[in-house]
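Asker: Can you read through this structure? Questions will come right after.
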Ligand SMILES: [Mg+2]
Ligand SMILES: [Mg+2]
Ligand SMILES: [Mg+2]
Ligand SMILES: [Mg+2]
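Protein chains in written order, with the working numbering: chain G, 45 to 388; chain W, 45 to 388; chain L, 45 to 388; chain F, 45 to 388.
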């Protein structure tokens with residue numbers, strides 16, 4: 045069976061997902077598109093040679109009875125409405141981050157989904173599909189290093205432009221660690237504090253860079269998460285978990301090893317898209333396969349979207365106040381407690 | 045457009061390719077199958093839920109006017125006939141190694157393909173699609189280490205069963221290096237010699253293991269290729285090229301790095317299928333994409349199949365005689381000289 | 045010329061230094077020893093076959109006109125008096141940490157030394173002589189990674205016994221980082237805070253383990269220094285400096301690389317003495333050579349001892365209060381500003 | 045006790061050893077020197093501030109009853125006579141390679157030493173004292189990788205001048221592998237063959253570079269030893285042993301790891317003296333300690349010098365003839381069979 049997909053939002057990320065579905069992955073077909081910019085929607089149909097209807101808006105697209113699943117790849121503030129529409133229509137949803145721009149919005153989605161009685165929504169946190177993170181998760185789940193005590197991780201970009209402000213270190217960058225780390229250790233955040241080292245000269249007026257977030261979990265795990273988006277040298281994602289019996293660390297990205305000019309070296313990537321290309325593909329393929337095979341997606345849930353929203357809000361407050369800020373999460377509903385293995 | 049595929053041979057490798065086409069890759073559909081064991085063909089249709097005709101033999105399958113491309117995944121001795129049939133019908137062919145069981149057979153295919161005036165055939169040497177080899181090739185093509193002088197490579201399996209005899213070190217194992225190395229350095233083999241170290245106690249009566257092949261190229265490159273199929277510790281593919289300015293080496297397979305019990309360690313794979321899973325997928329996706337986009341496959345050609353056949357024969361003779369054996373290749377036809385980039 | 049040495053304190057570390065001077069290094073000779081336990085002093089003379097006088101106390105030993113340099117390797121609280129005696133006698137001093145047990149004591153030594161008009165004292169912080177730290181220092185001094193912004197370091201022991209209490213994480217363990225880090229980045233500490241992750245089950249009642257110290261410098265460098273003395277897996281010293289242009293990290297201890305049983309592994313040490321054996325040797329050889337060649341030691345100064353004392357006190361206060369504690373250092377006297385290269 | 049040393053040959057290596065004995069190591073003192081160039085001998089005394097007699101020749105120096113041990117660091121052709129003189133006088137000898145310039149010369153030394161009834165001679169093969177080789181030897185001796193089957197090693201220099209001819213690849217370069225490898229695997233060489241890849245453009249008219257020597261041992265171990273003395277990129281010593289259960293490899297030289305400009309890199313040395321500085325020191329310290337402690341040196345013996353001479357001759361013949369050449373070693377005398385541990 046081929047899953048018929050409607051795409052809401054045909055900007056950059058929407059087009060990439062269309063390309064994946066049509067030209068790389070198996071089991072999905074884009075049959076409907078919409079965008080606030082209708083030109084963009086028509087252009088996507090043409091560029092990707094789609095056999096798809098262009099709808100005026102998300103209401104119309106979701107209403108198409110031929111559509112099995114909706115991809116929400118629009119502007120962040122528009123996500124909540126589209127996701128709620130899809131849930132109410134009983135359709136599967138793959139929603140790019142953020143699930144909603146507020147914790148309350150996420151909670152409305154969580155409530156709506158529970159009313160439908162089964163998981164419909166997957167949030168686009170692709171790290172969980174990265175081979176390195178998958179291995180790290182397995183090492184932890186297999187108790188290879190004992191119970192976790194500390195995590196040290198870094199999210200580094202070679203540079204960002206002037207539109208990137210201090211708060212985006214949370215909403216655009218740390219947000220990936222926020223999702224990945226609680227999943228890795230199966231624990232909930234309790235508080236966060238931010239330290240600002242001296243600003244790198246490669247940053248600009250409205251961006252404090254680097255920043256280090258100190259997160260504590262309910263289980264007592266201490267996390268240092270560095271965000272450094274003008275690190276110059278490359279795009280580099282590091283994550284190391286210290287456990288009671290040992291330590292496990294993400295592997296370096298595999299790269300040919302060269303001996304030349306008195307150096308033993310390998311390449312560091314500069315582009316996050318290349319770094320996580322396989323993860324993006326696996327993320328979507330897993331969404332398609334899970335819907336087909338199990339009747340529900342297996343990836344990050346609406347609840348994960350809610351956790352990300354609450355935690356990001358606390359991180360933003362910590363940036364502003366300089367204080368340690370509590371992260372107040374509601375209890376996880378049983379509905380979202382079921383552990384789901386994402387590996388095929 | 046979806047490429048309609050007929051699969052000749054529904055054994056293990058045939059089934060894997062069917063699974064890839066149907067469930068992982070994009071742009072192909074299996075519409076016909078055949079196997080000398082008709083039960084097996086019917087079973088494949090059922091197991092993979094194919095919308096495909098079962099034909100009694102390759103002649104009938106190739107004759108189906110709806111079929112665009114033929115996958116030859118049957119028993120080695122049957123390859124030549126199926127490939128020739130497909131070429132004569134003007135159809136694309138993806139043929140697993142060997143292209144034919146003799147140099148003469150390969151040459152008949154080469155001649156037939158040239159008569160058709162365009163490349164139709166891709167041989168299933170997947171190493172060229174492995175990310176590590178792709179990077180190594182790029183390093184060489186970008187002259188990062190200067191002109192190559194020596195190669196040292198190893199092909200190690202944890203173990204093999206009693207059906208694996210001394211000659212299979214060439215036909216089943218070294219054959220991958222034979223294809224990959226001449227492609228890497230864009231050079232032709234000239235001679236080969238074999239050295240047999242003391243046999244490991246983990247081998248059996250009819251298998252000399254390990255073996256080291258010393259190949260020399262027309263350009264003067266000296267290659268040591270170790271085959272060690274009872275190395276116990278894992279499945280491990282190593283390749284290092286020494287050039288005039290530096291050295292480049294395949295990366296280790298990325299794996300979580302663990303500190304535990306006084307060891308800093310990462311995992312070594314045991315399974316060649318996992319090692320080259322991505323390469324297999326890329327190999328077939330590239331075949332489908334190239335046929336679709338360029339009207340001809342871009343991967344290893346019939347001529348590469350011929351080179352492999354001639355070189356493997358010389359390696360077998362070197363095993364038997366203990367002497368240095370000449371590798372006598374005919375001149376490369378212009379038809380096969382066109383360099384084709386395989387990366388998307 | 046051979047430097048004639050008097051050793052005050054013939055316990056474990058005193059005996060090790062005697063062994064180094066007599067059997068490993070060049071240019072020194074132990075000619076006098078003393079210990080509060082006179083038996084121990086006589087035993088050292090006998091065990092190491094010394095041609096040395098046993099004195100009843102430090103006053104007598106320092107008074108021996110044949111002695112050029114005094115090694116203070118006694119119980120910490122006794123250090124200050126012995127060092128002051130030696131300085132007043134115009135003799136060189138190699139003093140194991142701590143220089144004195146209080147900042148005031150260190151300041152008395154600093155004052156006494158300045159009155160003598162030349163550097164006489166070297167404090168036993170051996171990290172600066174470790175090949176890895178030397179390389180890291182060179183990388184920073186050569187501006188290879190630009191100005192430093194952050195440091196992440198770890199000091200891990202496989203285990204400690206019940207005598208090791210929470211405060212000893214500062215006085216016995218972190219003390220080495222305290223000295224090494226300000227030297228590395230040529231900066232002064234400004235504040236410190238401690239975070240306590242969940243205690244590892246391998247710790248005991250009176251030891252909070254692990255601990256993470258967050259230090260900030262006057263230059264704005266943010267330091268996370270992890271102390272984890274029941275990490276189980278080995279003795280492991282990590283230090284990574286993030287600069288404006290790149291990152292530099294201590295190398296792993298060189299160890300044979302083994303492929304075996306599906307693991308690629310190298311050994312991690314368990315014993316800090318092996319880890320820093322070369323550093324200890326170089327430290328003392330450099331002391332002897334510098335005194336001989338330049339008429340003053342080149343290693344860590346009394347001022348470094350003072351910095352360590354003030355910083356350690358703040359760290360202890362941070363452990364107790366849970367607050368961020370200021371580190372109030374007096375201005376560095378010109379006398380101690382002269383940069384001295386320690387490499388031969 | 046201090047060992048009183050006479051040095052025969054005050055050229056570069058002689059002066060370095062004098063510096064070690066006087067300024068770095070413990071337990072030795074240079075009390076006599078000689079050189080065919082008497083100026084050079086006097087200069088050494090002055091430069092190193094020695095309390096030593098200058099003798100007109102080796103006969104006179106060896107005759108000095110105060111001398112315990114003789115260092116032979118003269119021109120290679122002069123070694124045999126000096127070593128024989130010292131043996132006949134019952135004195136210890138540390139002789140730089142070669143022990144003698146012919147197998148017959150080595151045998152005369154072996155015979156003379158046996159007549160004296162105890163080991164007096166140590167040959168200056170310092171690799172055995174390198175920490176990496178020591179670890180590799182331990183791994184093999186502890187059976188960590190099972191019985192050895194193959195060795196792959198490389199000896200690479202960044203460049204050599206025009207005085208370095210093809211044969212020096214054996215006598216100056218491979219000679220270190222010749223000694224180290226048979227020691228590592230405790231086996232004897234049986235034959236050797238040489239392959240010449242295309243010559244690097246960085247070589248010169250009278251030097252074939254690189255070269256690969258294929259050695260076989262009596263135990264069936266196959267060795268590929270690459271000599272590449274214009275490799276451009278650095279001084280690099282590699283050695284990997286493939287055993288029945290796994291593989292062990294020399295570690296890379298520890299070096300700070302830098303992330304910068306899209307590269308993850310560490311430094312490769314260019315200078316063999318830095319590479320083996322510790323090994324040289326340990327070699328001589330072990331000679332001094334062993335003579336003092338055990339009354340005989342524990343390092344490479346005269347018999348090892350003989351093995352090196354015979355093997356090097358066969359390698360030279362293999363270079364000239366292009367054939368596989370037998371390495372005909374006499375049976376090891378019982379006198380030299382005693383295994384001696386060199387680690388302190
Ligand atoms: Mg995403
Ligand atoms: Mg294949
Ligand atoms: Mg010390
Ligand atoms: Mg030597």
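We put the CB at the ideal spot given by N, CA and C, even for glycine.
Going by the DSSP bridge assignment, what does residue 266/L pair with across the sheet?
Answerer: Position 222 of the third chain, counted from the first residue, corresponds to residue 266/L. In DSSP, residue 266/L forms a bridge with 194/L, 260/L.
Asker: Around the Cβ of residue 46/L, are there at least 16 other Cβ atoms within 10 angstroms (buried) or fewer (exposed)?
Answerer: Here residue 46/L refers to the residue found at position 2 of the third chain. By the 10 Å Cβ count, residue 46/L comes out exposed.
Asker: Assign residue 285/L to buried or exposed, taking buried as 16 or more other Cβ atoms, counted over all protein chains shown, within 10 Å of its Cβ.
Answerer: To locate residue 285/L, count along the third chain from 1; it is residue 241. Classification for residue 285/L: buried.
Asker: Do we get a CB-CB distance below 8 Å when we pair residue 58/G with the residues of chain W?
Answerer: On the first chain, residue 58/G is found 14 positions in, with the first residue counted as 1. So, not an interface residue.
Asker: In the DSSP assignment, what are the bridge partners of residue 97/F?
Answerer: The count along the fourth chain starts at 1 and reaches residue 97/F at position 53. For residue 97/F, which the question treats as bridged, DSSP gives the partners 76/F.
Asker: Determine the DSSP secondary structure at residue 379/L, reduced to helix, strand or coil.
Answerer: Taking the third chain and counting its residues from 1, the one referred to as residue 379/L is at position 335. Residue state, collapsed to three classes: helix.
Asker: Taking a Cβ distance cut-off of 7 Å, strictly less, list which residues of the segment 282 to 313 of chain F are near chain G, in chain order.
Answerer: For the segment 282 to 313 of chain F, residues whose beta-carbon sits nearer than 7 Å to a beta-carbon of chain G comprise 296, 303, 304, 305, 306, 307, 308, 309, 310, 311, 312.
Asker: Below 8 Å on the Cβ atoms is my contact criterion, and I expect residue 258/W with residue 273/W to pass it. Report the Cβ-Cβ distance as a whole number of Å.
Answerer: As a first step, residue 258/W must be located in the second chain, where it is residue number 214. As a first step, residue 273/W must be located in the second chain, where it is residue number 229. So it is not a contact: roughly 18 Å between Cβ atoms.
Asker: Residues of chain W with CB under 9 Å from residue 70/G, in chain order?
Answerer: The count along the first chain starts at 1 and reaches residue 70/G at position 26. Within 9 Å Cβ-Cβ: 64, 65, 66, 67, 68, 69, 70.
Asker: Does residue 265/F have its Cβ less than 8 Å from a Cβ in chain W?
Answerer: As a working mapping, residue 265/F is identified with position 221 in the fourth chain. Judged by the 8 Å Cβ criterion, residue 265/F is in contact with chain W.
Asker: Where residue 144/G and residue 123/G are concerned, what is the direct C-alpha to C-alpha distance, given to the nearest angstrom?
Answerer: Numbered from its first residue, the first chain carries residue 144/G at position 100. Numbered from its first residue, the first chain carries residue 123/G at position 79. C-alpha separation (whole angstroms): 6 Å.
Asker: Can you confirm whether residue 120/G, when its beta carbon is compared against all beta carbons of chain F, has any partner nearer than 8 Å?
Answerer: For this step, residue 120/G is matched to residue 76 along the first chain. No, residue 120/G does not count as interfacial toward chain F.
Asker: Could you name the residues of chain W that residue 278/L contacts, counting a contact when the two beta carbons are closer than 9 Å?
Answerer: In the third chain, residue 278/L corresponds to position 234, counting from 1. In chain order: 303, 304, 305, 306, 307, 308.
Asker: Provide the residue(s) that pair with residue 309/W in DSSP beta bridges, ordered along the chain.
Answerer: Residue mapping note: residue 309/W aligns to position 265 of the second chain, counting from 1. In DSSP, residue 309/W forms a bridge with 302/W, 309/L.
Asker: Give the residues of chain G in contact with residue 463/L, contact being defined as C-beta atoms less than 7 Å apart.
Answerer: No statement about residue 463/L is possible, as the shown extent of chain L runs from 45 to 388 and does not include it.
Asker: On the criterion of 16 or more Cβ atoms from any shown chain inside 10 Å, does residue 388/G qualify as buried, or is it exposed?
Answerer: Locating residue 388/G in the first chain gives position 344, counting from the first residue. Caution applies to residue 388/G, whose pLDDT of 44 falls short of 50 and renders its modelled position unreliable; the value that the coordinates give is listed next. With fewer than 16 other Cβ atoms within 10 Å, it is exposed.
Asker: Rounded to whole angstroms, what is the Cα-Cα separation between residue 354/L and residue 369/L?
Answerer: Within the third chain, numbered from 1, the residue matching residue 354/L stands at position 310. Within the third chain, numbered from 1, the residue matching residue 369/L stands at position 325. Cα to Cα, the separation comes out at about 11 Å.
Asker: Report the three-state DSSP secondary structure of residue 127/F (helix, strand or coil).
Answerer: The residue labelled residue 127/F in the question sits at position 83 within the fourth chain. For residue 127/F, the secondary structure class from DSSP, reduced to helix, strand or coil, is helix.
Asker: Does any CB atom of chain F fall closer than 8 Å to the CB of residue 343/L?
Answerer: What you label residue 343/L is simply residue 299 of the third chain in a count that begins at 1. Chain F, which has no Cβ nearer than 8 Å to the Cβ of residue 343/L, makes this no.
Asker: Going by alpha carbons, who is nearest to residue 344/G out of 196/G, 167/G, 192/G?
Answerer: One-based indexing of the first chain puts residue 344/G at position 300. Of 196/G, 167/G, 192/G, the residue nearest in Cα terms is 167/G.
Asker: With residue 139/F as the anchor, note down where its beta strand (DSSP E) starts and where it stops.
Answerer: Indexing the fourth chain from 1 puts residue 139/F at position 95. Element bounds for residue 139/F: 136 to 139.
Asker: From the DSSP secondary-structure annotation, give me the bridge partner or partners of residue 286/F.
Answerer: Translated into the one-based positions of the fourth chain, residue 286/F becomes position 242. 194/F, 291/F.
Asker: Look up residue 342/W in the DSSP assignment and give the residues it is bridged to.
Answerer: The residue given as residue 342/W occupies position 298 in the second chain. Answer is none; residue 342/W lacks a bridge partner.
Asker: Please name the residue, chosen from 226/G, 301/G, 290/G, 95/G, that lies closest to residue 292/W on a Cα-to-Cα basis.
Answerer: As a first step, residue 292/W must be located in the second chain, where it is residue number 248. Ranking the options by Cα distance to residue 292/W, first place goes to 301/G.
Asker: Whose Cβ in chain W lies nearer than 9 Å to the Cβ of residue 272/F?
Answerer: For the purposes of this step, residue 272/F is taken as the residue at position 228 of the fourth chain. Those are 193, 194, 286, listed as they occur along chain W.
Asker: Nearest CA to the CA of residue 163/W: which residue from 324/W, 136/W, 179/W, 149/W?
Answerer: The residue given as residue 163/W occupies position 119 in the second chain. Residue 163/W has its Cα closest to that of 136/W, out of 324/W, 136/W, 179/W, 149/W.
Asker: If residue 356/F sits next to residue 214/F, beta carbons under 8 Å apart, how far is it from one beta carbon to the other, in whole angstroms?
Answerer: Locating residue 356/F in the fourth chain gives position 312, counting from the first residue. Locating residue 214/F in the fourth chain gives position 170, counting from the first residue. Rounded to the nearest angstrom, the Cβ distance from residue 356/F to residue 214/F is 5 Å, consistent with a contact under 8 Å.
Asker: Take the Cβ of residue 318/G as the centre, count every other Cβ of all protein chains shown within 10 Å, and call the residue buried at 16 or more, exposed below.
Answerer: Within the first chain, residue 318/G is the residue found at index 274, counting from 1. When all chains shown are included, residue 318/G counts as exposed.
Asker: With distance defined between alpha-carbon atoms, name the residue in 231/L, 253/L, 115/L, 130/L nearest to residue 381/L.
Answerer: By one-based count along the third chain, residue 381/L stands at place 337. When only C-alpha atoms are compared, the closest one is 231/L.
Asker: Among 70/G, 50/G, 54/G, which has the Cα closest to the Cα of residue 325/G?
Answerer: Here residue 325/G refers to the residue found at position 281 of the first chain. Closest by alpha carbon: 70/G.
Asker: Helix, strand or coil: how does DSSP classify residue 319/G here?
Answerer: Along the first chain, one-based indexing puts residue 319/G at 275. Reduced to three states, the DSSP call for residue 319/G is helix.
Asker: Return helix, strand or coil for residue 387/G, following the three-state DSSP convention.
Answerer: Taking the first residue of the first chain as 1, we reach residue 387/G at position 343. Interpretation of residue 387/G is limited by its pLDDT of 44, a score under 50 that renders its predicted location unreliable; the figure taken from the coordinates is listed afterwards. Residue 387/G: coil per DSSP, three-state reduction.
Asker: Check the Cβ of residue 176/F against every Cβ in chain L and list those closer than 8 Å, keeping chain order.
Answerer: Taking the fourth chain and counting its residues from 1, the one referred to as residue 176/F is at position 132. In chain order: 298, 300.
Asker: Examine the Cβ distances between the segment 96 to 107 of chain L and the segment 60 to 78 of chain L and report whether three or more of them are shorter than 8 Å.
Answerer: Cβ pair count under 8 Å is three or more, so yes.
Asker: Closer than 7 Å, Cβ to Cβ, to anything on chain W: give me those residues from the segment 245 to 258 of chain F, in chain order.
Answerer: 245, 246, 254, 256, 258
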